[in-house]
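Enquirer: I am attaching a structure below and will ask some questions about it afterwards.
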Amino acid sequence: MVEVRDLKVGFYRDHCIAEAVRGVSFDIGESEIVGLVGESGSGKSVTASALLCLWQPPHAVVTGTVRVDGVDAFSLKPHDLPAYRSRYFGYISQEPSQSFDPLCTIGNNFSEMFRLKNPKMTRKESDARAVSLLSEAGISRPEERLNSFPHQFSGGMLQRIMIALALGGEGRLLIADEPTTALDVTVQAQIIRLLLDLKKKRGFSVLFISHNLELVSAVSDRILVMYGGLIVESGTAEEVSKNPLSPYTRELLKSIPKPGMSYRDGRCRPIPGTAVNPFFPEPGCPFEPRCPYRRPECRLRVPPLKGDGHLCRCLLPETETAGKGGLCV
């Protein structure tokens, strides 16, 4: 359904270009959940936004190819983009409390979206459709909620409303950009269960973005691990979580806190160092300064993404980076 080839996104600042995405290629199949995981600043959200054609000159430079259901997104004219986005995409943001106009009721949010697609839709028809979607998303007494304002809902309920809005566009690809980050653990589980149930019922595809590799492994069919604007590992959820090949993926797994862990006894191991500076990216492997397996040759060039199905971007032999300490899914 989605085909991305050699996607690059840069941003202008002070006569320099920040290379946020440095050549990303991947596919998303019909009714497939693809997880995109990595630290903050790795390029996950910028990649997803590029699918929606949200980055435009003169503020950004975007190259590569994005095809959605055979449509070349980057060849579309500006006036064609709203129809392209509403036809193919639904979007769930990371911070639902900051995604709604505080002066706009929930019913008005749905009405605005529906009228953009169908200007002839009446408010009565809009409200009826909104009630159906809110009910599907697990909101109780949806008829009463239409006249409520965002501040009258909890974070979990706002995220459910955001999911209902995403479903209202009837897009075929749902982009979930860290949809559980601002929620507590119990509500996270409810939101994930809701997404999986709706995906099974409606059959749409999902691009699930998160920094939590454990969560992504539990919900995704395939996983793309991203660092420094590059995909450093790609494979099925089981391959990536149980047999990680990339040193970065292995360090991500080690940094996941478990019950009983403490930084005092060394069992909780955060990754040392800082993420890549997009204005001055590493000339070689982007993870080289933080990698426990680094060698001098790692600084010379960016390694290719290679492998048979389970892909890894690393110059070291597989036997030195694979194996131990994976998750059980």
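Going by our numbering, the first residue of the sequence shown is number 19, and it counts up by one from there. By construction, the Cβ of each residue, glycine as well, lies at the ideal position given by its N, Cα and C atoms.
1. Tell me, which residues are paired with residue 34 by DSSP?
2. Short of 6 angstroms in beta carbon distance, which residues of its chain neighbour residue 346, apart from the five on each side in sequence? Order them along the chain.
3. Look at residue 118 and residue 124 and say whether their C-beta atoms are less than 9 angstroms apart.
4. Using a 10 Å radius around the Cβ and a threshold of 16 neighbouring Cβ atoms, would you call residue 177 buried or exposed?
5. Taking the runs of the alpha helix (DSSP H) that are 4 residues or longer, which of them lie wholly in the stretch 230 to 297?
6. Determine the DSSP secondary structure at residue 77, reduced to helix, strand or coil.
7. Consult DSSP for residue 157 and reduce its assignment to one of helix, strand or coil.
8. Tell me the DSSP bridge mates of residue 331?
9. Do residue 226 and residue 189 have their C-beta atoms closer together than 9 angstroms?
10. From which residue to which residue does the alpha helix (DSSP H) around residue 213 run?
11. Excluding the 5 residues preceding and the 5 following residue 169 in the sequence, name in chain order all residues of the same chain whose CB lies nearer than 7 angstroms to its CB.
12. Does residue 118 come out as helix, strand or coil in the three-state DSSP assignment?
13. Please say whether residue 148 and residue 160 have beta carbons closer to each other than 9 angstroms?
Expert: Checking against the coordinates, here is how it stands:
1. 31
2. Here residue 346 scores only 33 on pLDDT, less than 50, and its place in the model should not be relied on; the value that follows carries that caveat. No residues qualify anywhere along the chain.
3. Yes. Within cutoff.
4. buried
5. Entirely contained in the stretch 230 to 297, the alpha helix (DSSP H) runs reaching 4 residues are, in chain order, 231 to 237, 255 to 260, 265 to 272.
6. Three-state result, residue 77: coil.
7. coil
8. 323
9. No; because the gap between Cβ atoms is not below 9 angstroms, this pair is not in contact.
10. Per DSSP, the continuous alpha helix (DSSP H) segment holding residue 213 begins and ends at 203 to 220.
11. 120
12. coil
13. yes
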